[in-house]
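So the sequence lines, in the order shown, correspond to chains A and B.
First residue of the first sequence: 74, per my numbering; consecutive thereafter.
First residue of the second sequence: 4, per my numbering; consecutive thereafter.
Read the structure below first, then the notes.
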Amino acid sequence: MRTFHIGGVHPPENKITASSKIIDVELPREVVVVFAQHIGAPASCIVKKGDHVERGAIVGQATGFVSANVHAPISGTVTKVDKVKGANGMPCDTITIASSDDDHENDLKAIREAKPIRSSDEIKALSAKDIIDIIDNAGIVGLGGATFPTKVKLCPPPGMAADVVVINAVECEPYLTNDHALMLECPDGILAGVEMLMRAANVDRAIIGIEANKANAISLLRQRISELGMNGISVMELMVKYPQGGEKQLIDAVLGKEVPSGALPISTGAIVQNVATAYAVYEAVTYGKPLVDRVVTVTGPSVERPGNYRATIGMPISELIALAGGVPTDTGKIILGGPMMGKTIVNIDAPTIKGVSGILMLPESMSARHPVEPCIRCAQCVSACPMGLEPYLLATLSRYSEWEDLEKEKVMNCVECGCCSFTCPSSRPLLDYIRLGKSTVGAAIRARQSQKK
Amino acid sequence: MNQILTISASPHLHTRRTVASCMWHVVVALLPALAASLYFFGVGAAIVVITAIAGCAAFEYIINRWMFHRPSTLLNGSAILTGLLLAFNLPSNLPVWIILIGCLVAIGIGKMSFGGLGCNIWNPALVGRVFLLISFPVQMTSWPLPIVNRWAYADASTGATTLGILKMGGDPASIDLWNSATGAMGGSLGEVSAIALIIGVIYLLAVRVITWHIPVAIVGTVALFTLCIGGNIAIELLSGGLLLGAFFMATDYVTSPMSHKGMLLYGAMIGIITVVIRQWGAYPEGMSFAILLMNSFVPLINRYIKPRKFGERGAGK
Numbered sequence: 074m075r076t077f078h079i080g081g082v083h084p085p086e087n088k089i090t091a092s093s094k095i096i097d098v099e100l101p102r103e104v105v106v107v108f109a110q111h112i113g114a115p116a117s118c119i120v121k122k123g124d125h126v127e128r129g130a131i132v133g134q135a136t137g138f139v140s141a142n143v144h145a146p147i148s149g150t151v152t153k154v155d156k157v158k159g160a161n162g163m164p165c166d167t168i169t170i171a172s173s174d175d176d177h178e179n180d181l182k183a184i185r186e187a188k189p190i191r192s193s194d195e196i197k198a199l200s201a202k203d204i205i206d207i208i209d210n211a212g213i214v215g216l217g218g219a220t221f222p223t224k225v226k227l228c229p230p231p232g233m234a235a236d237v238v239v240i241n242a243v244e245c246e247p248y249l250t251n252d253h254a255l256m257l258e259c260p261d262g263i264l265a266g267v268e269m270l271m272r273a274a275n276v277d278r279a280i281i282g283i284e285a286n287k288a289n290a291i292s293l294l295r296q297r298i299s300e301l302g303m304n305g306i307s308v309m310e311l312m313v314k315y316p317q318g319g320e321k322q323l324i325d326a327v328l329g330k331e332v333p334s335g336a337l338p339i340s341t342g343a344i345v346q347n348v349a350t351a352y353a354v355y356e357a358v359t360y361g362k363p364l365v366d367r368v369v370t371v372t373g374p375s376v377e378r379p380g381n382y383r384a385t386i387g388m389p390i391s392e393l394i395a396l397a398g399g400v401p402t403d404t405g406k407i408i409l410g411g412p413m414m415g416k417t418i419v420n421i422d423a424p425t426i427k428g429v430s431g432i433l434m435l436p437e438s439m440s441a442r443h444p445v446e447p448c449i450r451c452a453q454c455v456s457a458c459p460m461g462l463e464p465y466l467l468a469t470l471s472r473y474s475e476w477e478d479l480e481k482e483k484v485m486n487c488v489e490c491g492c493c494s495f496t497c498p499s500s501r502p503l504l505d506y507i508r509l510g511k512s513t514v515g516a517a518i519r520a521r522q523s524q525k526k
Numbered sequence: 004m005n006q007i008l009t010i011s012a013s014p015h016l017h018t019r020r021t022v023a024s025c026m027w028h029v030v031v032a033l034l035p036a037l038a039a040s041l042y043f044f045g046v047g048a049a050i051v052v053i054t055a056i057a058g059c060a061a062f063e064y065i066i067n068r069w070m071f072h073r074p075s076t077l078l079n080g081s082a083i084l085t086g087l088l089l090a091f092n093l094p095s096n097l098p099v100w101i102i103l104i105g106c107l108v109a110i111g112i113g114k115m116s117f118g119g120l121g122c123n124i125w126n127p128a129l130v131g132r133v134f135l136l137i138s139f140p141v142q143m144t145s146w147p148l149p150i151v152n153r154w155a156y157a158d159a160s161t162g163a164t165t166l167g168i169l170k171m172g173g174d175p176a177s178i179d180l181w182n183s184a185t186g187a188m189g190g191s192l193g194e195v196s197a198i199a200l201i202i203g204v205i206y207l208l209a210v211r212v213i214t215w216h217i218p219v220a221i222v223g224t225v226a227l228f229t230l231c232i233g234g235n236i237a238i239e240l241l242s243g244g245l246l247l248g249a250f251f252m253a254t255d256y257v258t259s260p261m262s263h264k265g266m267l268l269y270g271a272m273i274g275i276i277t278v279v280i281r282q283w284g285a286y287p288e289g290m291s292f293a294i295l296l297m298n299s300f301v302p303l304i305n306r307y308i309k310p311r312k313f314g315e316r317g318a319g320k
């Protein structure tokens, strides 16, 4: 069985919700739509207070190439255009949409009676550019958590061409099972989406990488591929190891190729897309449905009803938590995403956005960091780093502001996966110092580049 | 909900391994060798081990408490481990006062003078041993014979070690290899039983406290070098504390390199230096000196020998 070749760790998997079906969350009557839901330039608001918007209509227009449209997740009236405190505590531009009873009824009816807007023949007739335009219009971004606009990856820079689409169904973060649940319930939609991505990228080969702890998803997808006769798509079973879901690590695991330092993944000929992204592409192409909902794993060791919820984007995080039984009394920390790379929540009433793959509530006993002890130079961090860096050295250089040496030691290669801090027996805040170094060195590099121009 | 939530940067999970658990794993790995030394050297081994552990722990506590004004670090087990390793490098009839001087040098000079755990350049237990070897050459090179001295301490009957016999021109054929493997031979109390040491290192590898690189590099180099100069590989590997050094002293986290490639170089150099000292040097044994010498080179090794970075292999291959 294959995996990536350098470093990696094995945190306890804790996939509590692995066998939970996806629960459709009732359509909310009020949502808060954030305009910066993706990496890149925020979308610009094209509605004003008092406007009536239909479900699926564009309310935020992409600004520039690396940006994405934002749509109304429900029909209703724009009641507020203002700044709201996001999950990280920083204010972000939003609009609030509230639905009347009629709006709500119409939305529910539309969802119940959703019909394909394109026949299979019409879909077959779409060109690569047509599919990319649909993806662009539908505001689809990478749903693994990084929220990089999908169309950007499908348009390689001049001189580079893709030869394979790699579908990221690794879900290496502990606790999260949203992709797993989607694979079990919507395999045909996912495979159709993968085929559309292959055509958009103009390649005849796609590999779905899945870790071995999701054996039922692996066998189901393989079965559907052979039943549907999709010859170009294959499923690759991967050894369980964190951070296999990292783009570079996945390319290494699946194709045995390493993305050179500073280069784009496309330089290996691979376009990596998340499995939920593939499903969103299928929905956009077949049903004309923009990205207005997604599957969110709400979980934690003491959560009452942990589960995989299909939530409307824009509903408050606190409502999803309430559905799962509320915040357990022993909770010490709430995390958006998985425990290795997720971000702690400052504002529990913040709206959900496209990148929210999970809401994890950890008990107090797992929330605080351990006391920091001296580095005993055990080299666990060096062995664990999937980028082949020396975290102990990077952290020390950063601590003493040795920015030039830090750049030479390739601090910018760090993917912030957290393996170093996870594995340190002295509980040293390695990644914290490395992040500080990355931001300082990154700023210096950008300043140098702009000076050259 | 009325409690205050923690806000922190990722990762939010942490391994269960701690500094203390690393140290205690090593102590556990040394227990078979401790049992063997008690079997062969009896009461003498017990006195030396207890004195060395108590001495190292006491000096670390005193220095932390009254010189550094820092909280005690005894619970992380590192001073106890140093004491145990120091005892393993001493003959079982060494007087208590000499052992205590060794403890003071090991902890005070070898470790605390550099700033304590994690800061020292040389393996503290070896610093203590070599200091004693140079200061008390007679006491440090009279080795009680195994088994017959179980109930003897100061009045133990002594003999030479295997390597000592060879250095004096002894016949390699006269050495019983089975005794060398089980430990029924003269020597410092922890080094004698190869079988017990091998059980210990298998444990350390199994719980992933150490990696294979340093032990394999040392043992491999010594075997290869000995083969090249026409020596007896089995005798060289089974005597003179080679396995104790390769498994437990050279693999000391603080004083060994950070990269796997660096560990291989470090181990290979220890192997070469050891054989050179044994073959052509004044001392019959060279393991301690080899490890201390290579400890000195570790910062240099860390500077110039780096792990392979992701992406250096290139996209094409």
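Where is the CB? At the ideal position from N, CA and C, for every residue including glycine.
With DSSP as the reference, please indicate the residues paired to A/W476 in a beta bridge. What you label residue 476 of chain A is simply residue 403 of the first sequence in a count that begins at 1. Assignment of beta-bridge partners to A/W476 by DSSP yields no partner.
Residues of the region 434-450 of chain A whose Cβ lies closer than 7 Å to any Cβ of chain B, in chain order: If the cut-off is 7 Å between Cβ atoms, the region 434-450 of chain A has L435, S440, A441, R442, H443, E446, P447, C448, I449 and R450 near chain B.
Would you say B/G86 faces chain A, with C-beta separation under 8 Å as the test? To locate residue 86 of chain B, count along the second sequence from 1; it is residue 83. False, the Cβ-Cβ gap to chain A never drops below 8 Å.
With 16 other Cβ atoms within 10 Å as the buried cut-off, status of B/R19: Within the second sequence, the letter at position 16 stands for residue 19 of chain B. Classified as exposed, B/R19 has fewer than 16 neighbouring CB atoms from the shown chains inside 10 Å of its CB.
To which residues of the same chain is B/T76 closer than 8 Å at the C-beta, ignoring the five residues directly before and after it? Start at 1 with the first residue of the second sequence, and residue 76 of chain B comes out as number 73. Around B/T76: E63, N67, A82, G119 and L120.
Compare the C-beta of B/Y256 with all C-beta atoms of chain A and state if any pair is closer than 8 Å. Along the second sequence, one-based indexing puts residue 256 of chain B at 253. Interface residue (Cβ-Cβ distance to chain A less than 8 Å): B/Y256 is classified as such.
In the region 17-39 of chain B, which residues sit with their C-beta less than 8 Å from some C-beta in chain A, listed in chain order? Within the region 17-39 of chain B, contact with chain A at the beta-carbon level (separation under 8 Å) is assigned to H17, T18, R20, T21, V22, S24 and C25.
Would you please verify whether the beta carbon of A/E463 is less than 8 Å from any beta carbon of chain C? In the displayed structure, chain C is absent; the protein chains listed are A and B.
Using a beta-carbon distance below 8 Å, is A/D478 in contact with chain B? Mapped onto the first sequence, residue 478 of chain A falls at position 405. Chain B contact via Cβ: absent.
Specify, as a first and last residue, the run of the alpha helix (DSSP H) that A/D505 falls within. Against the first sequence, residue 505 of chain A aligns to sequence position 432. Element bounds for A/D505: L503 to K525.
When the cut-off is 8 Å and only beta carbons count, does B/F313 lie next to chain A? Position 310 of the second sequence holds residue 313 of chain B. With its beta carbon less than 8 Å from one in chain A, B/F313 belongs to the interface.
Give the DSSP-derived three-state secondary structure of A/R295 in the structure shown. Walking along the first sequence from the start, residue 295 of chain A turns up at place 222. The answer is helix: DSSP assigns A/R295 an H, G or I state.
Per DSSP, the bridge partner or partners of A/S117: On the first sequence, position 44 is the one that residue 117 of chain A refers to. Beta-bridge analysis with DSSP links A/S117 to A/Q134.
For chain A, check one thing: does any of its Cβ atoms lie closer than 8 Å to the Cβ of B/K114? In the second sequence, residue 114 of chain B corresponds to position 111, counting from 1. False, the Cβ-Cβ gap to chain A never drops below 8 Å.
Out of curiosity, what's the CA-to-CA distance linking A/S471 and A/Y465? Here residue 471 of chain A refers to the residue found at position 398 when the first sequence is read from its first residue. Here residue 465 of chain A refers to the residue found at position 392 when the first sequence is read from its first residue. Cα to Cα, the separation comes out at about 10 Å.
With a threshold of 7 Å on Cβ separation, who are the neighbours of B/I198 within its own chain once the five nearest residues in sequence on each side are excluded? Mapped onto the second sequence, residue 198 of chain B falls at position 195. The beta carbon of B/I198 lies closer than 7 Å to those of A184 and T185 in the same chain, with the five residues before and after it left out.
Tell me which same chain residues have a C-beta within less than 7 Å of the C-beta of A/R295, skipping the five on either side of it? One-based indexing of the first sequence puts residue 295 of chain A at position 222. Excluding positions up to five away in sequence, the list reads V308.
Cα separation between B/L148 and A/A457? For the purposes of this step, residue 148 of chain B is identified with residue 145 of the second sequence, where counting begins at 1. For the purposes of this step, residue 457 of chain A is identified with residue 384 of the first sequence, where counting begins at 1. In this structure, the alpha-carbon of B/L148 lies about 46 Å from that of A/A457.
Give the straight-line distance between the Cα atoms of B/Q282 and B/S242, rounded to the nearest whole angstrom. Within the second sequence, residue 282 of chain B is the residue found at index 279, counting from 1. Within the second sequence, residue 242 of chain B is the residue found at index 239, counting from 1. Taking the straight line joining both Cα atoms gives about 14 Å.
Which one of B/K309, B/Y307 and B/M252 has the shortest CA to CA distance from B/L296? The residue you call residue 296 of chain B lines up with position 293 of the second sequence. The shortest Cα separation from B/L296 among B/K309, B/Y307 and B/M252 belongs to B/M252.
What residue range is occupied by the uninterrupted alpha helix (DSSP H) comprising B/I53? Taking the first residue of the second sequence as position 1, residue 53 of chain B is located at position 50. DSSP places B/I53 in the uninterrupted alpha helix (DSSP H) bounded by V22 to I65.
Quick one: what's got a C-beta closer than 6 Å to A/V455's C-beta in the same chain, skipping five residues either side? Reading the first sequence from its first residue, position 382 is the one you call residue 455 of chain A. These residues qualify, in order along the chain: E463.
Alpha helix (DSSP H) runs contained entirely in the region 153-195 of chain B, provided each spans 4 or more residues: List check, alpha helix (DSSP H) in window: 165-170 and 180-185.
Identify, in the order they occur along the chain, each residue of the same chain with its Cβ nearer than 7 Å to the Cβ of A/A201, setting aside the five sequence neighbours on each side. Working through the first sequence from its first residue, we reach residue 201 of chain A at position 128. Non-local beta-carbon contacts of A/A201 in its own chain, meaning distances under 7 Å to residues more than five positions away in sequence, involve R272, A273 and N275 in chain order.
Which residues, in order along the region 469-499 of chain A, keep a beta-carbon less than 7 Å from a beta-carbon of chain B? Per Cβ criterion, the list reads K483, N486, G491, S494, F495, T496, P498 and S499.
Rounded to the nearest angstrom, how far is the Cβ of B/P302 from that of B/K264, given a contact under 8 Å? Start at 1 with the first residue of the second sequence, and residue 302 of chain B comes out as number 299. Start at 1 with the first residue of the second sequence, and residue 264 of chain B comes out as number 261. Contact flag wrong, Cβ pair sits at about 16 Å.
Can you tell me which of B/I10, B/V219 and B/T21 puts its alpha carbon nearest to the alpha carbon of A/S494? Locating residue 494 of chain A in the first sequence gives position 421, where the first residue counts as 1. For the residues B/I10, B/V219 and B/T21, the minimum Cα distance to A/S494 belongs to B/T21.
Neighbour flag for A/D422 against chain B, beta carbons, 8 Å: Here residue 422 of chain A refers to the residue found at position 349 of the first sequence. Interface residue (Cβ-Cβ distance to chain B less than 8 Å): A/D422 is not classified as such.
Give, in chain order, every residue of the region 162-184 of chain B whose Cβ lies closer than 8 Å to some Cβ of chain A. Those residues of the region 162-184 of chain B that come within reach of chain A (Cβ to Cβ, closer than 8 Å) do not exist; the list is empty.
Answer with yes or no whether the minimum CB distance from A/I344 to chain B is below 8 Å. Along the first sequence, read from residue 1 onward, the residue named residue 344 of chain A stands at position 271. Under the 8 Å criterion on CB atoms, A/I344 is classed as non-interfacial with respect to chain B.
B/N5 versus B/A249: straight-line alpha-carbon distance, rounded: The count along the second sequence starts at 1 and reaches residue 5 of chain B at position 2. The count along the second sequence starts at 1 and reaches residue 249 of chain B at position 246. A caution first: B/N5 carries a pLDDT of 49, below 50, which makes its placement in the model too unreliable to give a value.
A/P444 (DSSP reduced to helix, strand or coil): On the first sequence, position 371 is the one that residue 444 of chain A refers to. Correct three-state label for A/P444: coil.
Exposure of A/A441, with buried meaning 16 or more beta-carbon neighbours within 10 Å: Here residue 441 of chain A corresponds to residue number 368 of the first sequence, with the count starting at 1. Flag for A/A441 reads exposed.
Let me see if you follow: with CB-CB separation under 8 Å, is B/G80 close to chain A or not? The count along the second sequence starts at 1 and reaches residue 80 of chain B at position 77. Taking Cβ atoms only, chain A never reaches closer than 8 Å to B/G80, which makes this a no.
So, under 8 Å CB-CB, A/Q346 and A/P459 are touching, yes? Tell me the CB distance rounded to an integer number of Å. Stepping through the first sequence from its first residue, residue 346 of chain A is reached at position 273. Stepping through the first sequence from its first residue, residue 459 of chain A is reached at position 386. The pair is not a contact, with the Cβ atoms about 20 Å apart (cut-off 8 Å).
Inspect the CB distances between the region 215-227 of chain A and the region 390-404 of chain A and report whether three or more fall short of 8 Å. With a cut-off of 8 Å, the region 390-404 of chain A and the region 215-227 of chain A do not count as touching, because too few Cβ pairs lie within range.
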